[in-house]
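*Asks:* Attaching a single structure in structure tokens format; questions to follow.
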Amino acid sequence: MAPARRGSEADELWQMMVGLVWETRGEWRRKVSEVTGLPFSRTRVLRRLFDAPMTLTQLAEATSSDAPATTVAVNDLEHRGLVERYPHPDNKRAKLVSVTPAGRQMIELVRRTVRDDAPPGVNDLSKTDLAHLRRILERIDRTGR
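All residue numbers for the sequence shown refer to UniProt numbering, where the first residue is 1 and numbers rise by one.
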């Protein structure tokens with residue numbers, strides 16, 4: 001099967017998915033900011049660092065931010081005691097950023113207190129359709145975001 005081209009049905013479907021997420025996540029983001037007392041962008045950085053430390057460059061890429069914005073976010077989170085920087089063991093010119101225990105607690109608090117239920121359109125899908133959607137999304141996730 002040939003890959004789809006730009007301006008194709010794949011692009012159209014992608015825009016539909018982006019729109020769905022964009023329209024349904026606003027309230028969730030507000031709740032996350034309420035619970036944490038942080039701008040959502042800061043919580044997003046914490047979440048990206050939750051599984052493993054990253055360099056600033058990796059973090060900027062993971063959050064789709066530019067380097068200056070990532071540095072500002074990390075500086076703020078470091079000032080709040082939610083992340084820390086330390087020398088990269090394999091690259092003397094780089095530093096790794098990791099979540100502190102307080103930062104981990106913040107993400108766990110969000111997971112415990114802010115529900116992230118599927119919107120009605122997803123809940124209304126049949127078990128077969130949900131299985132197809134899972135298979136497709138897992139394939140997309142495996143091949144790169």
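For every residue, glycine included, the Cβ atom is placed at its ideal position computed from N, Cα and C.
Given the structure is predicted, the values throughout are model-derived calculations rather than measurements.
DSSP three-state label for R85, please.
*Replies:* If you number the sequence shown from 1, residue 85 lands on position 85. In the structure shown, R85 sits in a strand (DSSP, three-state: E or B).
*Asks:* Can you check whether the CB of V45 is closer than 8 Å to the CB of A73?
*Replies:* For this step, residue 73 is matched to residue 73 along the sequence shown. For this step, residue 45 is matched to residue 45 along the sequence shown. Yes. Within cutoff.
*Asks:* For L38, which option in L56, G103, V18 has the closest C-alpha, if you only look at C-alpha atoms?
*Replies:* One-based indexing of the sequence shown puts residue 38 at position 38. Nearest option by C-alpha distance: G103.
*Asks:* Looking at L59 and T43, is the spacing between their C-beta atoms short of 8 Å?
*Replies:* Taking the first residue of the sequence shown as position 1, residue 43 is located at position 43. Taking the first residue of the sequence shown as position 1, residue 59 is located at position 59. No, they are not a contact pair.
*Asks:* Going straight from the alpha carbon of L133 to that of D11, what length do you get?
*Replies:* Locating residue 133 in the sequence shown gives position 133, counting from the first residue. Locating residue 11 in the sequence shown gives position 11, counting from the first residue. So the two alpha carbons sit approximately 17 Å from each other.
*Asks:* At what residues does the alpha helix (DSSP H) containing L20 begin and finish?
*Replies:* Start at 1 with the first residue of the sequence shown, and residue 20 comes out as number 20. From DSSP, the alpha helix (DSSP H) with L20 extends over 9–36.
*Asks:* Would you call the CB atoms of V18 and L56 closer than 8 Å?
*Replies:* The residue you call residue 18 lines up with position 18 of the sequence shown. The residue you call residue 56 lines up with position 56 of the sequence shown. Contact: no.
*Asks:* Looking only at C-alpha atoms, which of S41, A52, R111 sits nearest to N75?
*Replies:* As a working note, residue 75 is residue 75 in the sequence shown. The option with the nearest alpha carbon to N75 is S41.
*Asks:* Given V110, which residues of its chain have a CB within under 7 Å of its CB, disregarding the five upstream and five downstream residues?
*Replies:* Translated into positions along the sequence shown, residue 110 becomes position 110. Only V32, V35, T36, T43 meet the Cβ criterion.
*Asks:* Where do the ends of the beta strand (DSSP E) carrying L109 lie?
*Replies:* Within the sequence shown, numbered from 1, the residue matching residue 109 stands at position 109. Note, L109: premise wrong, no beta strand (DSSP E); alpha helix (DSSP H) at 101–113.
*Asks:* Secondary structure at S98, three-state DSSP: helix, strand or coil?
*Replies:* As a first step, residue 98 must be located in the sequence shown, where it is residue number 98. S98 falls in the strand class under three-state DSSP.
*Asks:* Within this structure, are the beta carbons of V99 and F50 separated by less than 8 Å?
*Replies:* To locate residue 99, count along the sequence shown from 1; it is residue 99. To locate residue 50, count along the sequence shown from 1; it is residue 50. Yes, the pair counts as a contact, with Cβ atoms nearer than the cut-off.
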